[in-house]
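Worksheet for the structure shown next.
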Amino acid sequence: MNEFFEFFNSVQIDYIVLVFLMFFGCGAAIFHTLIITGLFNVNLHPKWIFFAINPVIVGLSFLYKPGYALLAIAFFFASILVLMISGMIYSSIKSVKETNKENDKLDKKYNRPKTTTLNKILGAIGALVFLALFILLIFSGTWALLFVIVPIILIIKRIFFPSNKSNFYKLQEVLPTSKANAVAMGVVELIGDLVALELLISPHFKEPCIGYLFTIEEESTDKDGKSSYRTIFTECKTNTFKIKDETGSVMVEGEGLEYYITNIDKQVQSGRKRYSETYLKNDDYLFLIGNATSNNGETLIKKDSTQKVFGVAIPREVALRNKFQPLLISFLTTLFFITLTIIYIILN
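Following this line, the structure appears as C-alpha cells:
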C-alpha cells in the first residue's frame with residue numbers, strides 16, 4: 191500500500207497535464223451520470239453535477255499533491271467499475287421485485303396458484319450455479335468452452351427432461367390415428383371436429399368457447415427502438431367436450447389440456463401489456479393425444495398421469511412440423527459439430 195501511494199507522491203504533473211486530467215474527469219462524469227440515472231434510477235439535480243464535481247476533485251488533489259490528481263483519475267475509473275457492478279445487481283433485484291409484485295396482482299385477479307417456495311429455491315440455485323460457472327470460465331480464460339457446455343446441457347435436458355410439448359410430438363410420430371368407434375385403452379391419437387357440451391367465457395374478451403388459452407405479455411424496447419415481449423401470465427382452461435369423426439364421437443375431459451396451437455384468435459395491447467386469447471370452439475378440426483379410459487362403460491379421454499401428455503394441435507401445423515423438423519435437426523447437428531471443430535482449432 192505504501193508503494194502505491196509513493197508512486198503518486200513521486201509523479202510530477204504540470205498545469206498542462208492537469209487540464210487534460212480535468213477533461214478526463216469530465217469523461218468519467220459521463221459514465222457516473224449514466225450509471226446513477228440509468229441503473230440506480232436517481233434523478234440528479236442538477237444533471238451536470240458530476241461534470242462540476244469531478245474536475246474540482248482533480249484540482250483539489252493537485253493542490254494537495256500534484257501526483258494525486260492522477261490518483262483521482264484512477265479513483266474515478268475504479269468507482270465506475272464498482273458502480274456499474276453494484277448498479278446491475280441493484281437493477282436486477284429491483285426488476286425481480288417489480289415482476290413478483292406484478293405477478294401477485296395477476297395471481298389475485300385470475301386466481302392463479304403461486305409458484306411454490308421449493309421451485310423458487312431450485313430456480314435460484316440453478317441461476318447461481320450457471321453464473322458461477324460463467325464467471326469461472328471467463329477468469330480462467332476458457333470462456334470458449336461455453337459454446338460446448340451450453341449445447342450439451344440443452345441436449346441432456348431434451349433427452350432426459352423433455353417438455354410435455356416434446357413428448358406430444360414424439361408420440362404423434364409413432365401412434366396410429368384411432369377411430370372414434372374403436373378407441374383402445376391407453377394413450378391414443380384422434381383427429382376430428384370438436385363438439386361443445388358446456389361453454390366457458392374467456393377472461394379478457396368475454397368470448398364463449400369450449401376452452402381458452404389466455405396470455406399476458408409485457409413489452410420492452412431496446413436501444414434501437416425494437417420491441418420484444420415477455421410472457422408474464424398464462425392461463426389455460428377447458429371444459430369437457432366431445433371429439434367426433436365419421437365413425438362416432440368420444441368424450442374428452444378438458445382439465446389439464448394443453449394447446450400446441452400457434453394461432454391467436456384475439457389480441458389487444460394496452461400500455462406496455464399485450465393480451466392474447468386462443469379458443470377451442472365448436473366444429474374446430476383438431477389433432478388430440480390423451481389417455482383413453484373407461485368411465486362406466488363409456489370411453490373417456492383425459493390427461494395421462496404417467497407420460498402427462500394431453501394436448502391438441504392443428505393437423506396442418508403437425509404435418510408441416512413433421513416435414514421440416516428432420517431438416518432442422520440435421521442443420522443444427524451439423525452446425526454443432528462445425529462449432530466444436532472451430533473451438534478445437536482456436537484452443538489448440
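Using the working numbering, the first residue of the sequence shown is number 191, and each one after it goes up by one. Beta carbons: idealized from backbone N, C-alpha and C, even for Gly.
Practice problem: Name the residue from Lys369, Leu470, Leu253, Asp204 whose alpha carbon lies nearest to the alpha carbon of cysteine 426. | Solution: Leu470
- prompt: Between the C-alpha atoms of isoleucine 270 and threonine 424, what's the straight-line distance to the nearest angstrom?
  reply: 40 Å
Out of Phe521, Leu403, Asp473, Lys498, which has the shortest C-alpha to C-alpha gap to serine 353?
-> Lys498
Cβ neighbour criterion (16 or more within 10 Å) applied to threonine 489 | buried
Based on Cα-Cα distance, which residue from Gly438, Glu443, Ile422 lies nearest to serine 368?
-> Gly438
Point to revise | Residue span of the alpha helix (DSSP H) that contains glycine 480, given as start and end | key: Counting along the chain, glycine 480 falls outside any alpha helix (DSSP H), though it belongs to the beta strand (DSSP E) covering 475–485.
Buried versus exposed, by CB contacts within 10 Å (16 or more), proline 245: buried
| field | Beta-carbon contacts of leucine 403 that lie in its chain and below 6 Å, excluding the five residues immediately before and after | value | Cys426, Tyr449, Thr468
### Task
Using the Cα positions of glutamine 459 and valine 378, report the straight-line distance between them to the nearest angstrom.
39 Å
* To do: List in chain order: all unbroken alpha helix (DSSP H) runs of 4+ residues lying wholly within the region 391–415.
  => none
**Request:** Quick one: grab the DSSP three-state call for phenylalanine 544.
**Result:** Residue 544 lies beyond the range of the chain shown here (191 to 538); nothing can be said about it.
Buried or exposed for histidine 222, going by 16 or more other Cβ atoms inside 10 Å? buried
Neighbour-count burial assignment, phenylalanine 521, 16 or more Cβ in a 10 Å radius
exposed
Discussion item. On a Cα-Cα basis, can you pick out the residue from Thr227, Tyr419, Leu518 that is closest to tyrosine 465?
Written reply: Tyr419
Exercise for the section: Less than 8 Å between the CB atoms is what I'm expecting for aspartate 435 and glycine 382, so what's the real figure, rounded? Expected result: 4 Å
Under 6 Å Cβ to Cβ from serine 410, same chain only, skipping five residues before and after it: list those, please.
Ser418
Report the residue from Met441, Ile479, Ile325 whose alpha carbon sits nearest the alpha carbon of asparagine 486.
-> Met441
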